[in-house]
Each structure stands twice: as C-alpha cells, then as structure tokens.
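These notes are about the structure you will find just below.
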Amino acid sequence: MLHAIVLLPFLLAAALPLLGKLLRGVHPGWIALAAPALMLLFFLTRLAEISDGGAITAAARWIPSLGINLELKLDGLGMLFALLIAGIGVLVVLYSIFYLDHRKEAAARFYVCLLLFMGAMLGVVLSDHLIVLYGFWELTSITSFLLIAFWHQREASLAGAMKSLLITAFGGLSMLAGFLLLGLAGGSWRISELAGSLDALKSSPLLVPAMLLIALGVFTKSAQFPFHIWLPDAMEAPTPVSAYLHSATMVKAGLYLAARLLPVFAGEAVWFVLLTVSGLATLLYGSFRAVKQTDLKSLLAYSTISQLGLVLTLLGLASAYPPGAEAKLAAYGSAAAAAALLHLANHAAFKGALFMAAGIVDHETGTRDIRHLGGLMRLMPVTFAVSLAASLSMAGVPPFGGFISKELFFGSALAAIRSGGWSAAAVLIPIVAWTASAFTFLYSAVFVWRTFGGSGSTEREKQPHEASPGLLLPPLLLAGAALLLGVMPGLITSGVLQPALAAVYPGAPESYAKVSLWHGWTPELLMTFGVFAAGALLFLAAPKLPLLHRAARTPFSWNGLYSGGLKGLDRASGKLTSLYLTGSMRHYAGYVVLFFIVALSAAVWLSGGFRISLHGMAPVTIYEGIAVGALIASALAVPFAQSRMMAILLTGTVGYLVVLFFVLFRAPDLALTQMIVETVSVALFLLCFYHLPALKKERTAVKTKVINGIIAAASGIVVTVLALGAFSGRSFPSIAEYYLKNSYELAGGKNVVNVILVDFRGFDTMLEIVVLGIASYAIYGLIRLKWPHEAAAEG
Amino acid sequence: MELLLALAVGTLFAVGVYMILARSLLRVILGLSLLTHSVHLLLLTMSGLKAGAPPLLGGQAESYVDPLPQALILTSIVISFGVTSLYLVLAYKTYKKLGTDDTEQLRGEADE
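Chains as they are written, first to last, in the numbering used here: chain X, 3 to 797; chain Z, 132 to 243.
Structure, rendered in structure tokens:
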C-alpha cells in the first residue's frame, strides 16, 4: 500500500498529458488534485495506527543482489512530513489552478513536474533505505530544477534553476558518499537498523567523514549558510512552486534527514557543532538579510532561510544529548527535538500562507516590489488578514503557533547554558537566538506594513481588487492552521508530534510534546517581550535603517563568490585545455614519447629488478662491427639530410643494412622480405617524391630542436637499456625447441619460419593479409575517389 | 654483440623519434620507418643472437637460431609496409588538397 501511494503521483504524472488532451476544456490541475487528495486521505486513515506508536513498513525487491530494495517505512516522523506534503500539496494544487491560466501557460507540464516532485518528496520521507532515499532525494533536485525554470524563456529563471541544481546536486553527491560510508560503518543500509548498531558505528573511523559529508547534503538542500544563495534565486519559479517547494517541503528535506539521523548521530560532538553553528549562522544571517529585501518573495526566501536555520539549531541542540543520557539532559534534548518538530509544522503553515498571499498581491497589482506597494489593506482585506495572521505567527506573537515554537526555542537555547558542561560559547546561543528573533519581528512587520499599510502609490498598472475565492481559500486555510496551532496545539501534539518525537528522540517522555499557549512566567516569556519591544523600536527607526544597511554593505558577497568562482573555473579549465590541446601534432607526439620515457624509466627505477649481465652474449666479428657502425652512422645522418632525395636514400640505406643484419643473424626469409619491401618502399617514396614539395629546411627554433633532440636521445637510451635488460633478464628457455622438433613431423615442412607462419600460427598471417588488403583499398580510395563537390567541380 | 646491437636499436629509435617531432610530413613518415626498423632489430636482439644454423631443417645442423621471432618480424614487416604506403599516399593527398606538408600549418581551427 505504501508503494502504491508513493507511486501514485508518478503514474498520474505519466497519464496527465494524455488525460489533459482528452479533457481539453478542463484545467489539468483538477486532474492533478487527485494525487495529493488521495495521499492525504490515506495518511489520515493511518493516523490512528501511527499515533499508537505503530509503524507501517513495506518492501519490494529492486536489486536484491546488492542489498538494495525499495524499503519504505511510515513512522511518526514520516507521518508528520507526509501530512505536510499531502496537505499543503492539496492546497498548492488548488491555488495554482486559479493562479495559472491553462489557456496561456503550459499547465500540463507544470503539473507533471509538480506531481513528480510530490512523489519524490514522499519517497524521501518514507524511505527506510539509504540508497533509495538518495534516489528520491536527487529526483527532488531535478524536479525542483524543472519547476524553477518553468518560464524557460526568462534568463533569470534559467540562471536560478542552474544555480539551485549545481548546489543541491553537489550536496546530494556528498551525501551519497556520506551514506556509503555510513552504510559501511554501520553494516546496514536500513536506517532503522543503523540506530541498533550504534556500538560498531561509534567506534568506526568512517563515522566523522560520513557525518561531514551528510551534513553537506543537509546544508545545501535546506539552504544553510553559505549554501543559502540558491534559494532567493529560486524565487523566479511560479509562486505555487515557491510556496510548496521552497518553503514547506523540499527545503525541509535536509531538516528531515537531520532529524531522521538524530538517533544515530546524537551525542557526537562533531554533529552537534556542525548543526548548531550552521543553524545559528543561518538564522542570524537570513533574518538580517531579509530586512534589506525589497522584493516580497526575496524577503520570504531569506525568512525561510532564517527559519530553517532555527529548526536546524534546535536539532543540533537536541543532538547534544544522546537519548540514553541522564534524565535531566535527556529532558533538554527531547524538548529541543519537540520544539524543532513543532516549528517545522508552524513554519509550513505560515510560510505557505505568506507565499500565497505574496502571489495574490503580485497577481492583482502586477508587482512584488514593496517600494511600489502599500495601501492595499482596504482593497484586499482578506489577503491582508491572511498576511497579518501568518506574519504574526512568523514573528512569534500570541496566540499564533509561532509564539509557542519560539518560546520553546528560547527555552532550548537557555537550556544550553543551564545544562552546563559546555564552554562559555554556549552563552552566544540565546543571544543569537534573541537578536535573530528581533530581526524576524522587524521583517514580518515590514512585510505587512509596506504591502498593506500606508497610502500606497497611485501609479499602478492594474486597479487592484480582491482575488477570486479559489485563490484565497488555500492561504485562508493555512492562516487558519497557523492560528489553530497556537490556540489549540493539542490538535497535533498528541496525534502527530508525539509519535514523531518518539522517532527522532527515542525514549522522550510524553510530556515534552505537550505544549500550551500559556505556561507561566518564564525567562522565555520575558525574552519574547524583549523581542517585541526591540522589533517595534527597529521598525519605527526603519526609515533610517536603509542607510545603516548600505553602510554595512561590503564588497564581498556569497553570490559574487559563487558566480566569480564559476566563471573562474570556466576560464581556468579553458586555459588549461588550450595549454596542452594545441592542435599541433608535434606536441602530441612529444607527450606520447615523454610519457613513454617517464613511465618506463620510472618502472625500471622503482621495480629495482633491473640488471644487465654481459654473460651469454654472442661474440662480435669484424663484419658485424662494421655493419653496426654503418647502421648507426647512416641513421644519424638522416636528420641532417637537406634534400628529400638524400633523406630517402639514407633511410633506404638503413633498411638495406637491416637486411644485412638479417643475413648475418641467419634469417634468410626475413632478409628476402625486407629486401623486397625496402626496394618497393624506396620506389614508393621516390614516386611520391615527384608530387611532394621540396624538403624545406626545418624552420624550427634552435630551442625546439634541442628539446626534441633531448626527448629523442632519452627515448633512445630507454630503449637501449630495455633491450639489454630484456636480453639479460631472460629466465626461461624459448619454446622454439618445440617448433624445431615438430616442424617436419607435424607439419611436413623443413623451413621452420614458413611453417610457423602458415601452419602453427596461420591466423597471424591471415590477418596480416587482411591488413594489406585494407591498406590497398584505402590507397585506391584515396587516389581515385573524389568528394562530391570535387566531382561536381570537374563536371 | 647484443650490446652493440642494442646501441644500434637505441640510435635508430632516437633518430626515429626525432624525425617524428619534425614539421614536414615526409620526415615524419621516414621517422616511422626508422622506428619500425628499430623495433624489428629489437625483437631479434631480445631473442638472443647465439650462433646456430638458419632454421631450415634440411642442413642437419647441431643447433638452430630461434625461428619464432623471425616469424613475428616477418609479419610485422608486411604490416608496417602496408601502413607506410598508406601514410605516403595520405601525405601525397594532403599536400594535393591543402597545399602544404607542414604539420604546424595543418593545425585545426582555433575554435574547434
């Protein structure tokens, strides 16, 4: 059943283009709506079973020989994410039906990509197998790439899609490496089994590299500093995509992974430091940058970055205390984990609503620039109400859900100090948390006030009015959820949050997922009041703030580093390539010979088994001595020949001297063949000679000549040494005895060389005849056949 | 004797390599045939140059030289002959079509 539900969006995506053609007048979104609706229905019916602490598993064979199977598992954590994916999926599909005009846009393509993404995302959160999880993970990257570049005629969409793909695929590949190490260290690919083999895992040297690599995957997918740069650029996607992928689902895949592996990595200092430091840096940086944005969606993108950092910080704090720690510490750990999960749900609700509201504003006014917006409060009251509710939740104002999760966040940050045992740096955690919250309050206020408050500009493209009910319903529902999560948090805590917490932090007492709006006078509450006061002050001082920001602006930016790095890489690889790919045949021949020299001499040197013994050499007679002298002399004379005739004749001389050697060393057949071949070759050379240009004096610089000479001499030395070595190192007798003995008995021939050629090793001869045949056909073709345009020119 | 022949093999090889690095196509082809000679002699040297009768069984000799490398070299001679003649015709055709036999001028376009 689990497989069917994961497969459902993929099947529907495959069928959608066809169905869309059959039902021509219908918006394809209505067809696509079936997938998330069925998914939601399925998960809601299974909710009770999961709430009782159960889990649904399913396995199908995929590559059993490699131990890779489609193993799915639906537990509390998977259920929380699955509900988010299916629930917000329904709302986003509904919203996009009214957002995209299927007569003007390629709506079918949009829904195919969206459905593929939905299935991939569901696969990520339901996979119990590391490799399967990775497969779905990359599928989310690819579908996200397709969705960001939905308007592919726009330059910015393509750039944003490319950037997000490069960064998330980089992280994904690192993560795959991390998964492989983790699987090797833990001895299992199954995530649910990894937590059971902690002893083997913790003592493995592969654990730290695995954590670092997996953290890279988490950081890039969840847009953590400094890998956050793709998320603001991904805002070129249609708004439903931004609402779904880049706020509620895909960017939480990294958080999901961090939560999923918490039982495995908890208690590891490296993991805690990675998550907490990155989370805090992202939280502060994102909230600070969000204040500066003038585009609604960019503001929301940086806000998303910041909130993701918040959740990651909480997961980091939770991982500081392993589930088996003493009661007080485990309480801190499970409280942080509960806060992370609660904020995850809160953020999905309010950020989805905010993106949809921003999309409506864009839709109705034609701009998303807050410098041109304002005064929409009376014109678009429902959108305003939605934005206000969601922003209040984002800022952490009661009675919205954001308030509760922010209180829990402060509580966990303070617990970092209370628990002791850490360095003084722990004090920084609540300070950063508090500062970032003040900025969060500020940009939430900016979002609402600059869009809806004030008088607004009069020069608008369109006369804005309230959007259609279909467009308003999804954000209204999400804003309602944001309110409900605050007023009645019990709605999800016992049913959804508690089992999810049990999956993230095994052994957490039931009470840690039980929260309420009012929990007495605590330091956290005072901190929250401080946030409101500071945020309000900052907002009132806002007119002076742009100056402050401009002063703080540095020439350095992460985007600059990214694009500069990309350009530099491009240029450097181009330079490197043109450095050695010169197009000159001589250079390539030089590389080959140099490699030959280096590889052979290194092999000879390193193996150390090289020795030259002069023992067993044949004696030198005077004739042979003279022949060798002549050979060497004529060979050396070849390069100095100034006319082509001279060069050809000298080469011929070398050939005939080789014939002489064949005679001296008792190889009559060789001498015969070489004689004929040499004669024919020289004749051929002379034939070509007539058609070839006069041999020009080599116009090569002396330096090049010297280099070539050195290369040539080195290769000669290497070959000499090898020849001697091969002769001296001979360790077993030749098989020639067999041929000599059996040539007559078995083959009936007395010329042993000929018998070898046509009898013992006849295949060689047959193929050499083929070579000659091919060569002659090629020569015939070269000379006789003409290119079509040549033939045409000749008439 | 093998020492001397090894020197000759090395010299032939060095000269062959030097010619291959030249600019004129004709020189390159001549260099290739020098390399071929060098390798043939190398094969012969490596099998040992001990005295003995030619591998013709009619002579009733005490010992014969190794016939196997001779068979290999014979095959190689024929193949290198085929290749060399193809190269020559190719060089001829190149010169006819492109008007040069200078390998530096036969370089590809910069934006290939």
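Each residue gets a CB set at the ideal place from its N, CA and C atoms; glycine is no exception. The structure presented is a predicted model; accordingly, all values stated were derived computationally and were not measured.
- In this structure, X:Y136 sits near X:G174, with a CB-CB distance shorter than 9 Å.
- Residues are counted here when their Cβ sits less than 8 Å from a Cβ of chain X; for the stretch 177-195 of chain Z these are M177, S178, G179, L180, K181, A182, G183, A184, P185, P186, L187, L188, G189, Y195, given in chain order.
- When DSSP states are grouped into helix, strand and coil, X:I65 belongs to the strand group.
- Residue contact with chain Z for X:R573: absent (no Cβ-Cβ distance below 9 Å to any residue of chain Z).
- Annotated three-state conformation of X:L285 is helix, per DSSP.
- Taking the CA atoms as reference points, X:A605 sits about 25 Å from Z:H168.
- Burial is judged here by how many other beta carbons sit within 10 angstroms of a residue's own beta carbon; X:D103 has fewer than 16 and is exposed.
- Taking C-beta separations shorter than 6 Å and ignoring five residues to either side along the sequence, the partners of X:L215 in its chain run S176, A179, G180, following chain order.
- In the DSSP assignment, Z:E235 falls outside any alpha helix (DSSP H), carrying neither H nor E.
- Closest option to X:P432, judged by alpha-carbon separation, among X:A397, X:A359, X:T369, X:T530: X:T530.
- For the options X:A60, X:E73, X:R26, X:A84, the alpha carbon positioned closest to that of X:L42 is the one of X:A84.
- Looking only at X:A669, X:L277, X:A780, X:F45, the smallest Cα-Cα distance to Z:P198 is reached by X:A669.
- Within chain X, the residues whose beta carbon sits less than 7 Å from that of Z:Q201 are A669, D671, L672, V755, listed in sequence order.
- Under the three-state reduction of DSSP, X:Y507 is assigned to coil, being neither helix nor strand.
- Secondary structure remark: continuous alpha helix (DSSP H) runs of at least 4 residues inside the stretch 396-480 of chain X, in chain order: 403-420, 430-454.
- Any Cβ of chain Z closer than 9 Å to the Cβ of X:M587 would place that residue at the interface, and such an atom is present.
- Taking a C-beta distance under 9 Å as the contact criterion, X:A397 and X:A447 qualify as a contact pair.
- At a cut-off of 9 Å, the C-beta of Z:L143 has a neighbouring C-beta in chain X.
- Pairing Z:V146 with X:M587 gives a Cβ-Cβ distance that is not under 9 Å.
- None of the residues of the stretch 473-490 of chain X has a beta carbon lying less than 8 Å from any beta carbon of chain Z.
- About 11 Å separates the Cβ atoms of X:T145 and X:L167, ruling out a contact at the 8 Å cut-off.
- Distance from the CA of X:H248 to the CA of X:V434, rounded to the nearest whole angstrom, comes to 24 Å.
- Counting C-beta atoms within 10 angstroms of its own C-beta, X:A510 has 16 or more neighbours from the protein chains shown and is therefore classed as buried.
- The stretch 470-480 of chain X and the stretch 359-377 of chain X touch, with no fewer than 3 CB-CB distances between them shorter than 8 Å.
- Judged by DSSP secondary structure, X:I758 falls outside any beta strand (DSSP E); it is assigned neither H nor E.
- By the criterion of a C-beta distance shorter than 7 Å, X:G497 is surrounded in its chain by L49, S53, once the five residues flanking it on both sides are discounted.
- Residue pairing from DSSP leaves X:D766 without any beta-bridge partner.
- Using a 10 angstroms sphere on the CB of X:N756, the tally of other CB atoms reaches 16 or more, which defines it as buried.
- X:L381 carries a coil assignment under DSSP once its states are collapsed to helix, strand and coil.
- Of all alpha-carbon atoms in X:A171, X:T524, X:S205, X:F172, the one lying nearest the alpha-carbon of X:L186 is that of X:S205.
- Taking each of X:V363, X:L726, X:F227, X:D371 in turn and checking the Cα distance to X:S308, the smallest one comes out for X:F227.
- Secondary structure of X:Y323 (DSSP, three-state): coil.
- Taking C-beta atoms as the reference points, X:K223 and X:T306 fail to come closer than 9 Å.
- Counted as a single uninterrupted DSSP element, the alpha helix (DSSP H) harbouring X:I362 occupies residues 329-367.
- In the three-state DSSP reduction, X:I70 falls in the strand class (E or B).
- X:S336 has its alpha-carbon roughly 40 Å from the corresponding atom of X:L14.
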